[in-house]
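All letters in the sequence shown, in the order written, are residues 1160 to 1354 by our numbering. Beta carbons are placed, not taken as given, at the ideal position from N, Cα and C, and that holds for glycine. Note that the structure is a prediction, hence the values are computed from the model and not measured. Data first, discussion second: the structure below is written as structure tokens.
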Amino acid sequence: MNKQENEFKIHKRSVLPGWINRQTGIVLAVIFIIGFVIFGSGFKNLFIIGIWIILGSLSLFYKRFFEYRMGLEFVFPGTVLCAIAYGPVVGIIVGNVGNFMAELISARPDERVIPAQIAYTITALIAQAVYAATLQNIFLAGMILWVIYHAVMQPMMIVFGGDLFKTVLFVSTHFVWSIVFFWRIAPFILPLMTL
């Protein structure tokens, strides 16, 4: 086998990201356990924040293949839960980094980028207050924050030249996803985040 064929085989084997393989998973689990033992819940919180950023970043990957944006994404739920559990600064970071990375990964940034960054920031800033005002009802708080998020973002979308059909499709599917998430999933996740 010549050098060119060998290089191709090496490249061919490295198509899948390294974090998918089993050995890397074991190493990451050991690092997490050691970090948790040494640093306590602060390490756990950083790990959870990282998971939300990764989920948010990957949740728009389908835009590479599908022209229309659907509301099934993890940037908004991650922003809300992290802002409630860890404070507004963390919520702003999760929302804005997750959204920015999602747009980069999707390779199709659109007119939503700037309005979404502003809406995630406002949502994160008020999330704890809304959660407290709803007597810690995560479903009610999540849906109130959903309304505020879209009330901030959609007018800016019009100014930035957003397509009406795409906007209606996103808002309607995001509404359904948010109901499911904040009613069925968030009540189990939020207590785990604040352990």
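Item to check | Rounded straight-line distance, which links the Cα of I1197 to that of A1278 | outcome: Taking the Cα positions, A1278 is about 37 Å away from I1197.
Checklist entry - What does a CB cutoff of less than 7 Å around H1309 pick up in its chain, not counting 5 residues either side in sequence? => result V1330
Next on the checklist: What does the alpha-carbon distance come out to for the pair I1273 and A1345?
Outcome noted: 27 Å
Checklist entry - Assuming L1349 and A1244 make a contact with CB atoms under 8 Å, what is their CB distance in whole Å? => result 6 Å
Item to check | Own chain partners of K1325 with C-beta closer than 7 Å, once the 5 adjacent residues on each side are dropped | outcome: Contacts found: Y1227, R1228.
Checklist entry - Any chance the region 1284-1291 sits against the region 1254-1268, with 3 or more Cβ pairs inside 8 Å? => result No, the region 1284-1291 is not in contact with the region 1254-1268.
Item to check | Beta-carbon proximity list for L1231, same chain, < 6 Å, skipping 5 on both sides | outcome: W1336
Next on the checklist: What does the Cβ neighbour count give for V1253, buried or exposed, with the cut at 16 atoms within 10 Å?
Outcome noted: buried
Item to check | Delimiting residues of the alpha helix (DSSP H) encompassing Y1245 | outcome: 1234-1245
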